[in-house]
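The block underneath contains the structure these notes are about, expressed in structure tokens.
Residue numbers (the working numbering): 941 to 1678.
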């Protein structure tokens, strides 16, 4: 341990070199992330951040800076002074000549320029595994877990900082999305080939995007028609050994210098009902989905416009595939039909490019219709969401910037349901609605990228819960290029729509008890992290360590412990918290080969019926090792990921008639291995791979599967994979216009 402290002490004392800072844009003023910035005849270079900005040491023996970006003409600049700020505009190139690869970047990178702790998962990283949808995009990520919530319906949830996905603010291109009724199955609504990148922000986030982020934000950036590297036509075909088939295609049309449009299409079909453990229930639900999206963009000198409309149709069918030894018994069936429609528009007027002064208006409307049958239980919901945000941003100087705005969010839930299998009982009806207007202001102080202070506060008024205030603050300090320190603190709130967000729980025979007057959830989140970039044997060793503490002041407790035959929702009376510590290391051992290793420890506890207990079905630790190798000519790529998932506590048990407990008190650790091989050609590539090659499966994931109409039937005791090893094959096509 003392050697680690000595290394960091050395880094703090390391002399700070002269800097050259700047931003790289295209001719329309849009930032160019990932552009190479290098000094001639040296090994000193960097790449631009998501906002096109860069900061690079100025060597004593070179004054020539070369900026390059695929699809644009290189620019060469003579820089003879120190600590200057440059604005570089690259011109689009007519053709591409020979491309020299300077280095291979990590697929997951930490956004160095941000005051927040943000990881960028690039499209290159997403292609390292069978990234068929958003829920399958985090196989190689050590921070985010995606697991089944229910073994019968296939519902999945994200876990971040040891807590369920409802505490993560899901966003698409910085617009809150997939909330409420979309939460249980929404991870399958985002096709992998549509995504350009994923941004994972841990802990307290910016107040710009609302008050709902408690453990962090996950923002998905899709392919955009206005980007220079947008494909003319691309496609992805996929098939797996479980009988799953997918077809994805997108086409981009540059109508003029300003106007562009794209059409994205997705179809998937899980054609077979598998019952590998012979319990009578399908291990994988049969899912058929159609997804279509058309988007438009206008990129003017001062006015920027984007708009799109999306439609999704999905049929999800599961349940018993045979009578399970009871031929006279009615089959237990699950059917979920979903129709979802989204429309959005973004408008921005740029007053002053030099000071980044702009005014933006974002509008989105969503209609989500879901009709679900769980045995004889019913849950039908029509959710309507309207979101609006008006933002103004400006830089008073290089050190001082301000962002302020107004927002409005409306959610309406028209629900019809029957919570028991008694068909004689009538359906119940309810209508929940919440309107929340709000305003925020956020100030940022930037001292030459060495010290960044960002503080924000927002006030919102809920028609259900009244007025509340959300403060958040972030500090980033990097004494040199080799180490960054970050601190964060802030509050988060959310309204819990119990049935909409947890309707998959109706697949079990547990009785549902919902207390009246549920509170708005409220929690503080505190975080600290350190990122270091250590030169080692001519390469860079990336080390990250972080700690986050989430403390709930108010919470809607999901209690599966007090009564093993019931699930209860009630207000917290006691403590509820999570501590998460994670360390991670990345290093390119040799040319073309990158290695990542990570370890995470979680301590999450909640008070259930007066007793503070470890949160059930939450692993205490996770280990991850990923390796990727690309041959020198970039013809072959080999990827492997090994996950070690730690054990945890099961909910309280009951005793069967023979005197044995219904399930074990705890579950153990298990390993999962994923491998993929990719062969690249000029316009296309083919990939083959396997998931869960360790073939680990949770035994008896469904309790009393032979008697689904009885009181002991339970499909929610899920902590591991429900199916074994799976193989897949896919083909990607890319046809550029030029």
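For every residue, glycine included, the Cβ atom is placed at its ideal position computed from N, Cα and C.
Measuring only the C-alpha atoms, how far is residue 1243 from residue 1298? 9 Å
Tell me, please, which residues DSSP counts as bridged to residue 1391. 1387 and 1417
Proximal residues to residue 1601 (C-beta, below 8 Å), its chain only, five neighbours per side dropped: For residue 1601, where only same-chain residues beyond five positions count, the Cβ hits under 8 Å are 1593, 1594 and 1595.
Distance CB(residue 1327)-CB(residue 1116) smaller than 8 Å: yes
Give every residue of the same chain whose Cβ lies closer than 7 Å to the Cβ of residue 1361, excluding the five residues on either side of it in the sequence, and list them in chain order. 1315, 1316, 1317 and 1649
With the cut-off set at 8 Å, would you say residue 1005 and residue 1074 are in Cβ contact? no
In the stretch 1590 to 1676, which residue ranges form an unbroken alpha helix (DSSP H) of at least 4 residues, counting only runs that do not cross its ends? Qualifying alpha helix (DSSP H) stretches: none in this window.
Hey, out of 1224, 1479 and 1025, whose CA is closest to residue 1258's CA? 1224
Three-state secondary structure (DSSP) of residue 1106: helix
DSSP three-state assignment for residue 1127, whether helix, strand or coil: helix
Hey, is the stretch 1516 to 1528 in contact with the stretch 1603 to 1615, meaning 3+ C-beta pairs nearer than 8 Å? no
Using the three-state DSSP reduction, which class does residue 1574 fall into: helix, strand or coil? In the displayed model, residue 1574 falls within coil according to three-state DSSP, outside both helix and strand.
Is residue 1282 closer than 8 Å to residue 1255 when the C-beta atoms are compared? no
Contact between the stretch 1101 to 1108 and the stretch 1046 to 1064 is defined here as three or more beta-carbon pairs at a separation below 8 Å; is this criterion met? Contact annotation: the stretch 1101 to 1108 does not touch the stretch 1046 to 1064, with fewer than three C-beta pairs closer than 8 Å.
Cut-off 6 Å between Cβ atoms - residues of its own chain near residue 1055, not counting five sequence neighbours on either side: Answer for residue 1055: 1392, 1394, 1414 and 1416, listed in chain order.
6 Å Cβ shell around residue 1105 - same chain, five flanking residues per side excluded: Hits under 6 Å: 1097 and 1098.
Quick one: using the 10 Å Cβ neighbour count with 16 as the cut-off for buried, is residue 1208 buried or exposed? buried
Might you give, ordered along the chain, the residues of its own chain that have their beta carbon closer than 7 Å to the beta carbon of residue 1195, omitting 5 neighbours on each side? 1201
Assess contact between the stretch 1085 to 1096 and the stretch 1160 to 1174, defined as three or more Cβ pairs (one per stretch) separated by less than 8 Å. Is contact present? no
Alpha carbon to alpha carbon, what distance is there between residue 1358 and residue 1447? 12 Å
Inter-residue spacing [alpha-carbon to alpha-carbon] between residue 1121 and residue 1497: Each residue's alpha carbon lies about 19 Å from the other.
Cα separation between residue 1516 and residue 1428? 20 Å
Secondary structure at residue 1554, three-state DSSP: helix, strand or coil? strand
Using DSSP's beta-bridge definition, name the partner residues of residue 1030. According to DSSP, residue 1030 bridges with nothing at all.
Which residues DSSP lists as bridging residue 978, in chain order: 985 and 1006
Give me whichever residues DSSP pairs with residue 1482 in a beta bridge. 1473 and 1526
Using DSSP with H/G/I as helix, E/B as strand and the rest coil, what is residue 1066? helix
In chain order, which beta strand (DSSP E) runs of at least 3 residues are fully inside the stretch 1124 to 1175? Listed in chain order, the beta strand (DSSP E) runs fully inside the stretch 1124 to 1175 are 1135 to 1142 and 1156 to 1162, counting runs of at least 3 residues.
Tell me which same chain residues have a C-beta within less than 8 Å of the C-beta of residue 1675, skipping the five on either side of it? 1171, 1172, 1173, 1174 and 1623
Using DSSP with H/G/I as helix, E/B as strand and the rest coil, what is residue 1254? strand
Check whether the stretch 1327 to 1339 and the stretch 1284 to 1297 touch, using three or more Cβ-Cβ pairs below 8 Å as the test. yes
Endpoints, the beta strand (DSSP E) within which residue 1438 is located: Premise fails: residue 1438 lies in the alpha helix (DSSP H), 1438 to 1442, not in any beta strand (DSSP E).
Alpha-carbon spacing of residue 1667 relative to residue 1476, whole angstroms: The alpha-carbon separation between residue 1667 and residue 1476 amounts to approximately 38 Å.
With which residues is residue 1018 paired in a DSSP beta bridge? 1004
Residues of its chain near residue 1285, where Cβ-Cβ distance is below 6 Å and the 5 sequence neighbours each way are ignored: 1247 and 1303
Contact under 8 Å by Cβ, residue 1146 with residue 1467: no
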